[in-house]
Amino acid sequence: MERRNFLMGTTSMLAGGLVVASSASAEMKMVPPWVWTAEHGLTGHLVTDPDPSTDDLAKFKRCAYCGMSTTQWSHTRHVVQYEDDKSEATCSIRCLTISLSLNLDRNPKNIWVGDAGADSEIKPLVKVEDAQYILQPGKMGTMTANRKWAFADKAKAKATGAQLINFEEALVAAYKDQAMDTIMIRKRRAEKRAHMAQKMQDGN
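Residues in the sequence shown are numbered from 1 upward in steps of one, following full-length UniProt numbering.
#1: Identify every residue that forms a DSSP beta bridge with K86.
#2: In the DSSP assignment, the beta strand (DSSP E) including G203 goes from what residue to what residue?
#3: Taking its Cβ as the centre, do 16 or more other Cβ atoms sit within 10 Å of I183, making it buried, or is it exposed?
#4: Per DSSP, D148 forms a beta bridge with which residues?
#5: If contacts are defined as beta-carbon pairs under 8 angstroms, then P108 and V80 qualify, I think. What distance do you get, rounded to the angstrom?
#6: Contact between the region 77 to 96 and the region 156 to 164 is defined here as three or more beta-carbon pairs at a separation below 8 angstroms; is this criterion met?
#7: When we look at the beta-carbon of D56 and count the other beta-carbons within 10 Å, is it buried (16 or more) or exposed?
#8: How about T76 and T142: do their beta carbons lie closer than 8 angstroms?
#9: Among the candidates R106, K154 and T48, whose CA atom is the shortest distance from the CA of V128?
#10: What does the Cβ neighbour count give for Q201, buried or exposed, with the cut at 16 atoms within 10 Å?
#11: Do the CB positions of A179 and L135 come within less than 8 angstroms of each other?
#12: Taking the C-alpha atoms as reference points, what is the distance between K187 and S120?
#13: I'd like the list of long-range same chain contacts for E50, defined as Cβ closer than 6 angstroms, with 5 residues on each side in sequence excluded.
#14: Indicate whether T48 and K61 have their beta-carbon atoms separated by less than 8 angstroms.
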């Protein structure tokens, strides 16, 4: 009898749980994923800017995804403006892939890149569709073991001896490199943190 009551109670609990789960599921289905991510997602730091490429280094001082200075890495920085004018800058095409992945429901309207071939210390921006990208496997780039730089002057890009590619090809290469680059970056950052901790300990 006790076993029967236990089983009956368990069945009732399971049934109740299914009702709750069904209700919760129904409630969740009422919220489209893009609505949920707009409120709870990881892109709240984007700013609305109709002209993000003007004075971009003053507006976007650091890459939101790795913390690196956009001024220090002006030669590889990217500035992306989405169709709703939400904008941000990244240190490199590697971190641009993260922005594009997180903003699934925003189409990019404009993307600029630093001209690595410019003579000035701080590199000017150029539209990615007007830039000549290069791919140099095995040569360190920004946040990647395979360099992907962009040049306004195709002759300067060609002079590097690297493979000439367009923006879309560079983006695909950056996505493909993401796994190994992330492993490399994690290891390097862990080593730097350990080194800094040791220096602080030695100084005490």
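All residues carry an ideal CB built from backbone N, CA and C; glycine is no exception.
Since we're looking at a predicted model, the values are computed, not measured.
To lay it out plainly:
#1: Translated into the one-based positions of the sequence shown, residue 86 becomes position 86. Note: K86 sits in a beta bridge opposite T48.
#2: Within the sequence shown, residue 203 is the residue found at index 203, counting from 1. Not the beta strand (DSSP E): G203 falls in the alpha helix (DSSP H), residues F167 to G203.
#3: Your numbering for residue 183 matches position 183 in the sequence shown. I183 should be labelled exposed.
#4: The residue labelled residue 148 in the question sits at position 148 within the sequence shown. According to the sequence displayed, residue 148 carries Lys and not Asp. DSSP, once it has assigned bridges, lists L135 as partnering K148.
#5: Numbered from 1 along the sequence shown, position 108 holds the residue referred to as residue 108. Numbered from 1 along the sequence shown, position 80 holds the residue referred to as residue 80. Contact holds; Cβ gap of about 5 angstroms.
#6: no
#7: Here residue 56 refers to the residue found at position 56 of the sequence shown. Looking at its Cβ environment, which holds 16 or more other Cβ atoms inside 10 Å, D56 is buried.
#8: The sequence position of residue 76 within the sequence shown is 76, counting from 1. The sequence position of residue 142 within the sequence shown is 142, counting from 1. A contact, by the Cβ cut-off of 8 angstroms.
#9: Here residue 128 is taken as the residue at index 128 of the sequence shown, counted from 1. The shortest C-alpha separation from V128 is found at K154.
#10: Numbered from its first residue, the sequence shown carries residue 201 at position 201. Exposed, since its Cβ has fewer than 16 Cβ neighbours within 10 Å.
#11: Start at 1 with the first residue of the sequence shown, and residue 179 comes out as number 179. Start at 1 with the first residue of the sequence shown, and residue 135 comes out as number 135. No.
#12: Your numbering for residue 187 matches position 187 in the sequence shown. Your numbering for residue 120 matches position 120 in the sequence shown. Distance between the alpha carbons of K187 and S120: 33 angstroms.
#13: Along the sequence shown, one-based indexing puts residue 50 at 50. This sequence places Pro at residue 50; Glu is not what is there. Within the same chain, P50 has close Cβ partners D85.
#14: By one-based count along the sequence shown, residue 48 stands at place 48. By one-based count along the sequence shown, residue 61 stands at place 61. For T48 and K61, no; Cβs fall outside 8 angstroms.
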